[in-house]
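A short worksheet on the structure shown next.
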Amino acid sequence: MFQLPLGGNLTLKVTAAEQRLTDGGYLLRGEHIILELPFRPTRFYRHGWHSWSLTAWLDSNAPFIRPQPYIHAPQIDDPPMLLRPHWQSVGLTAVETPDGQVLLVGALGLEGRLHLDGCQLHARALAADARWFVALGEEQTVFGAYARRLAEHFGVRRSTPRPPRVWCSWYSLYENISEPVMLATLQGLSAMPYEVFQLDDGWQQDVGDWQPNAKFPSGMEALASAIRANGKRPGLWLAPFIVKESARLYREHPDWLLHDEQGTPVSAGHNWNAPMYALDTTHPEVQAWLEETMRTVLSWGYDYLKLDFLYAAALPGHRHVDMPREQALRAALTLIRRVVGEETYLLLCGVPIYPALGIADGLRIGADTAPYFDNIIVTAGMHNYITPGLQNAVRSSVNRLWLEPLVDLDPDVAFFRTRYNMLQPEEKAWGQALAHICGFKATSDPSFWMEAEELSSLQTFWETWPSVTRLGRYRFEIDGREVDFSPLMPLPSWPAEL
Ligand code: 9PG
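In this note's numbering, the protein residues as written are -19 to 478.
This is the structure in structure tokens:
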């Protein structure tokens, strides 16, 4: 037990193995540390497990209600956390102090889980010598100091001078992509100033069988060549750690799946109207297959890879090589980085944030956006804050901007079209502003769905790199224009009035 003098009038009682002063805060050591606060926080910062997981400042009195249905648990957050009776935070948490400062506690390593219990703040990891950073002060200052510590620990990987500009097929065409449609889309955007033309879900034979389906009769290499001939960089989506039962991989290699202690395949969630399973990435044959899969897509000519549903490699289970699960994911990502080389851009999605730091070029930092604001039936009715929608996407992304010194931040695509789009102009403007703040500017809009003025707004969006000043937690100034994300931050509750 120590007293931790944090400056001002705040002294905390701390249970930890060791403490020492560091740049901008304190370093603590211990598998389970407890900070006794001399006040009861009313708001705390909750950081979700992976890209899509809820990240927000929450009211300490707000009850934690388990999202429904539970078969979606792994897509929502770390499944064991969803069985707890209270909110848990992954990697770090923070609380507001009565005098308007912020107290932050963050792991300097993997597997960190934190929660607030009245006046006690608990932080747990798996190793007895787990290291933690604690700082008190102005919000941007303490988050910045923590980001610097994380950079030292995991390394930094950011695009210089700036992230690539991307066209992505998902948020317009969804799975309805094909060779002729992709070629027409590419052609329609020829004159546009962007770098990456990225095919999303819909090109593959099955989830697990990463070969082109019948909609791509000339093969993936021919399409990549056409993209390059158009002056763009070919990008491809794949979900290399998950498998559906319908895949050949599932039938041929049942022993490659991650199993629980009873020998049952571990659920990686439910999507495409079917259950998903996880590969055991510590299995040498899975590693050889991963290497071959990556080499194949590179040989076709794709060097911007959006790798998705990566949380699957970090689910609880019985592994061929026993190791902490976030470490297993980090090892699998390290293998992929080694195979694809330094020049391939890795945009990681559905990925636990900490294991990806220093390996990913870009990270998706929120839930999927959509051409609508929110599906309140799922968000509020089922307490599922990762269901696609602009509000769920923007909320988590804005609350993860502190990661900016470490990696490119992808807040998901911005919309410019009105066709097949229910977003109001001010809602589209929030998405566009966030893309400017992150510097990661992507869209899914095809030219053939756009009016001339919309195409010209998209062109301007891609051509401009406005100066951004942060005015507060949710307020920014972008080239002199103020943008306030505050209205998007509350968790919607079911309308109670009659
Ligand atoms: C392709 C998409 C896009 C998108 C990714 C990911 O069921 N779910 O919870 C769920 C969440 C996200 C999701 C799909 C399903 O989207 O984020 O950009 O690539 O896969 O299928």
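Each residue gets a CB set at the ideal place from its N, CA and C atoms; glycine is no exception.
- [ ] Report yes or no: do the segment 19 to 38 and the segment 321 to 332 share at least 3 C-beta pairs separated by less than 8 Å?
- [x] yes
Open item on the list: Quick check: is any heavy atom of the ligand 9PG less than 8 Å from the C-beta of ILE56?
Closed with: yes
- [ ] State buried or exposed for PRO59, treating a residue as buried only when at least 16 other CB atoms are found within 10 Å of its CB.
- [x] buried
TODO: Rank ILE458, ASP425 and TRP382 by C-alpha distance to the C-alpha of GLY410 and give the top, closest one.
DONE: The displayed chain sequence assigns Trp, not Gly, to residue 410. TRP410 has its Cα closest to that of ILE458, out of ILE458, ASP425 and TRP382.
TODO: Please name the residue or residues paired with SER247 in a DSSP beta bridge.
DONE: TYR257
TODO: Using beta-carbon positions only, say whether ASP388 and GLY342 come within less than 9 Å of one another.
DONE: yes
TODO: Could you spell out the range, first to last residue, of the alpha helix (DSSP H) harbouring PRO(-15)?
DONE: Unbroken run through PRO(-15) is the beta strand (DSSP E), -18 to -15; no alpha helix (DSSP H).
Open item on the list: If contacts are defined as beta-carbon pairs under 8 Å, then LEU(-8) and LEU1 qualify, I think. What distance do you get, rounded to the angstrom?
Closed with: Not confirmed; about 14 Å, so no contact.
Open item on the list: Within a Cβ cutoff of 8 Å, which residues of the same chain sit near TYR282, ignoring the five residues on either side of it in sequence?
Closed with: MET200, ALA204, PRO214, GLY215 and LEU216
TODO: Have a look at ARG397 and SER436 and give me their C-alpha separation to the nearest angstrom.
DONE: 11 Å
- [ ] Would you please state the rounded distance, in angstroms, between the beta carbons of VAL85 and ALA103? I believe it to be under 8 Å.
- [x] 5 Å
TODO: Tell whether a beta-carbon distance below 9 Å holds between LEU468 and VAL374.
DONE: yes
Task: Ordered list of beta strand (DSSP E) runs contained in the segment 327 to 386, each at least 3 residues - done: 342 to 344
TODO: Would you list the one or two residues that DSSP bridges to SER481?
DONE: Past the boundaries of the shown model lies residue 481; the chain is included only from -19 to 478, so the question cannot be answered.
Task: Sequence-distant residues of its chain with Cβ nearer than 7 Å to ASP181 (five each side left out) - done: TRP150, GLU155 and TRP217
Task: the segment 337 to 354 contacting the segment 84 to 99, beta-carbon criterion three pairs below 8 Å - done: no
Task: Collapsed DSSP secondary structure at VAL136 in the structure displayed - done: coil
TODO: Evaluate SER427 with the Cβ neighbour count: other Cβ atoms within 10 Å of its Cβ, from every protein chain shown; 16 or more gives buried, anything less gives exposed.
DONE: buried
TODO: Check whether the Cβ of SER170 sits closer than 8 Å to any heavy atom of the ligand 9PG, and report yes or no.
DONE: no
- [ ] List the whole-angstrom C-beta distance separating LEU17 from ARG26, where the pair is believed to meet the contact cut-off of C-beta under 8 Å.
- [x] No, LEU17 and ARG26 are not in contact; Cβ-Cβ is about 17 Å, not under 8 Å.
- [ ] Give me the Cα-Cα distance between ALA131 and ILE13, rounded to the nearest whole angstrom.
- [x] 22 Å
Task: Check: PRO49 C-beta below 8 Å from any heavy atom of the ligand 9PG - done: no
Open item on the list: Check this for me: beta carbons of LEU90 and GLU306, under 9 Å apart or not?
Closed with: yes
Open item on the list: Once DSSP output is grouped into helix, strand and coil, what is the label at SER149?
Closed with: coil
Open item on the list: Taking its Cβ as the centre, do 16 or more other Cβ atoms sit within 10 Å of MET(-19), making it buried, or is it exposed?
Closed with: exposed
TODO: Would you mind stating whether TRP147 and SER377 have Cβ atoms separated by less than 9 Å?
DONE: no
Open item on the list: Within 10 Å of its beta-carbon, does THR444 have 16 or more other beta-carbons around it, so buried, or fewer, so exposed?
Closed with: exposed
Open item on the list: Given 8 Å as the limit, tell me if ARG344 has its C-beta closer than that to any heavy atom belonging to the ligand 9PG.
Closed with: yes
Open item on the list: At the level of alpha carbons, what is the spacing between VAL320 and GLY10?
Closed with: 36 Å
Open item on the list: Just to confirm the assignment, what range does the beta strand (DSSP E) spanning THR73 have?
Closed with: 72 to 76
Task: ALA312 to PRO160 span [Cα, whole Å] - done: 35 Å
- [ ] Out of ARG231, ALA110, VAL187 and TYR454, state which residue places its alpha-carbon closest to the alpha-carbon of HIS250.
- [x] VAL187
Task: Beta carbon of THR324 nearer than 9 Å to that of LEU278 - done: yes
Task: Host beta strand (DSSP E) of ALA87 (start-end) - done: 82 to 87
Open item on the list: For the ligand 9PG, I want to know if GLY80 counts as a neighbour, meaning its beta carbon is within less than 8 Å of at least one of the ligand's heavy atoms.
Closed with: no
Task: Bridge partner(s) assigned by DSSP for SER69 - done: LEU94
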